[in-house]
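Protein sequences, first through last, are from chains Z and H. Heads up: the first sequence begins at 72 in my numbering, then just goes up one per residue. Heads up: the second sequence begins at 879 in my numbering, then just goes up one per residue. Think of the CB as a built atom: it goes at the ideal place given N, C-alpha and C, for glycine as much as any other residue.
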Amino acid sequence: QKEVEQDPGPLSVPEGAIVSLNCTYSNSAFQYFMWYRQYSRKGPELLMYTYSSGNKEDGRFTAQVDKSSKYISLFIRDSQPSDSATYLCAMIRSGGSYIPTFGRGTSLIVHP
Amino acid sequence: ETGVTQSPTHLIKTRGQQVTLRCSSQSGHNTVSWYQQALGQGPQFIFQYYREEENGRGNFPPRFSGLQFPNYSSELNVNALELDDSALYLCASSPGGQSGNTIYFGEGSWLTVV
């Protein structure tokens, strides 16, 4: 079993839909949680990061962490075709050298 | 723009050859990491450098080696290339310390081994 599990999709939604992207993990030592967006053949772009449990909102994006369930989510409101990309979750253990463990990414397609 | 620049962007090598990839980190960032991303997979950690010293290594063989220079730029060297080394190689920089969780990637170097 991988430390971080993420459904590769693809997830196809109509423009304007609310998108929910999720990751589960097995290591309770993870304390920092990040979401990256990666367009085709480009490097990952940091979207959001959160520390420990709770919610964080930035514009149309909301990151949610539930440490008791070892489950994190990224919600995208009013999705746009420009949101079509692969979304990677990543996690960092506390007290370490800040080396993230990545999920394999979920491919999102927002069609007009 | 993350301020992390990588070169070359694309290259093709023959099995058995050696390759050097280069990275300039974002200004003020003293920590550089390298990742390998195969098609359809998440980035896999190769190693990290902090102030010119290797500060962590993933599950990659010794033919993957690196350097960090005094200006915090970095190189990834891969010897005896294998077909499975074909991937996107990503460099990431971070400020280190308590802000080390903010990691910024370059656009990557696409390596094809034939």
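What number of angstroms, rounded off, separates the C-alpha of residue i from the C-alpha of residue j?
i                     : j                     : result
residue 130 (chain Z) : residue 884 (chain H) : 30 angstroms
residue 158 (chain Z) : residue 164 (chain Z) : 20 angstroms
residue 123 (chain Z) : residue 77 (chain Z)  : 19 angstroms
residue 889 (chain H) : residue 882 (chain H) : 19 angstroms
residue 982 (chain H) : residue 934 (chain H) : 18 angstroms
residue 84 (chain Z)  : residue 177 (chain Z) : 13 angstroms
residue 984 (chain H) : residue 952 (chain H) : 12 angstroms
residue 95 (chain Z)  : residue 183 (chain Z) : 30 angstroms
residue 942 (chain H) : residue 79 (chain Z)  : 28 angstroms
residue 82 (chain Z)  : residue 957 (chain H) : 38 angstroms
residue 999 (chain H) : residue 160 (chain Z) : Chain H is shown from 879 up to 992; residue 999 (chain H) falls before or after that span and cannot be answered.
residue 72 (chain Z)  : residue 905 (chain H) : 38 angstroms
residue 114 (chain Z) : residue 948 (chain H) : 25 angstroms
residue 172 (chain Z) : residue 153 (chain Z) : 26 angstroms
residue 937 (chain H) : residue 917 (chain H) : 18 angstroms
residue 903 (chain H) : residue 961 (chain H) : 28 angstroms
residue 920 (chain H) : residue 127 (chain Z) : 23 angstroms
residue 980 (chain H) : residue 86 (chain Z)  : 30 angstroms
residue 954 (chain H) : residue 900 (chain H) : 6 angstroms
residue 939 (chain H) : residue 989 (chain H) : 17 angstroms
residue 147 (chain Z) : residue 132 (chain Z) : 5 angstroms
Do the CB positions of residue i and residue j come within less than 7 angstroms of each other?
i                     : j                     : result
residue 911 (chain H) : residue 922 (chain H) : no
residue 145 (chain Z) : residue 134 (chain Z) : yes
residue 991 (chain H) : residue 959 (chain H) : yes
residue 174 (chain Z) : residue 75 (chain Z)  : yes
residue 155 (chain Z) : residue 180 (chain Z) : yes
residue 944 (chain H) : residue 968 (chain H) : no
residue 143 (chain Z) : residue 104 (chain Z) : yes
residue 972 (chain H) : residue 909 (chain H) : yes
residue 924 (chain H) : residue 915 (chain H) : no
May I ask which residues mark the beginning and end of the beta strand (DSSP E) holding residue i?
i                     : result
residue 90 (chain Z)  : 90 to 96
residue 107 (chain Z) : 101 to 109
residue 907 (chain H) : No beta strand (DSSP E) holds residue 907 (chain H); DSSP gives it neither H nor E.
residue 991 (chain H) : 987 to 991
residue 946 (chain H) : 942 to 946
residue 899 (chain H) : 897 to 902
residue 122 (chain Z) : 116 to 122
residue 827 (chain H) : Nothing about residue 827 (chain H) can be reported from this structure: the residues present for chain H run from 879 to 992 only.
residue 137 (chain Z) : 132 to 137
residue 884 (chain H) : 883 to 885
Chain Z partners of residue i, CB-CB under 8 angstroms?
i                     : result
residue 980 (chain H) : 117 and 120
residue 911 (chain H) : 170
Since residue i meets chain Z, which of its residues come closer than 9 angstroms, beta carbon to beta carbon?
i                     : result
residue 923 (chain H) : 170, 171, 172 and 173
Applying a beta-carbon distance threshold of less than 9 angstroms, which residues of chain H neighbour residue i?
i                     : result
residue 159 (chain Z) : 920 and 921
residue 183 (chain Z) : By Cβ distance, chain H contributes nothing, its closest Cβ being about 25 angstroms from residue 183 (chain Z), past 9 angstroms.
residue 127 (chain Z) : Going along chain H, no residue has its Cβ under 9 angstroms from residue 127 (chain Z), so there is no contact; the nearest lies around 13 angstroms.
List, in order along the chain, the chain H residues whose C-beta lies closer than 7 angstroms to that of residue i?
i                     : result
residue 114 (chain Z) : 968, 983, 984, 985 and 986
residue 152 (chain Z) : Within chain H, no residue comes near residue 152 (chain Z); the closest Cβ sits about 22 angstroms away, beyond 7 angstroms.
residue 176 (chain Z) : 920
Report the neighbours of residue i on chain Z: residues whose CB is nearer than 7 angstroms to its CB, in chain order.
i                     : result
residue 972 (chain H) : 169
List, in chain order, every chain H residue whose beta-carbon is nearer than 8 angstroms to that of residue i.
i                    : result
residue 79 (chain Z) : 918
Give a yes or no on contact between the stretch 895 to 915 of chain H and the stretch 137 to 145 of chain Z, applying the rule of three or more CB pairs nearer than 8 angstroms. no
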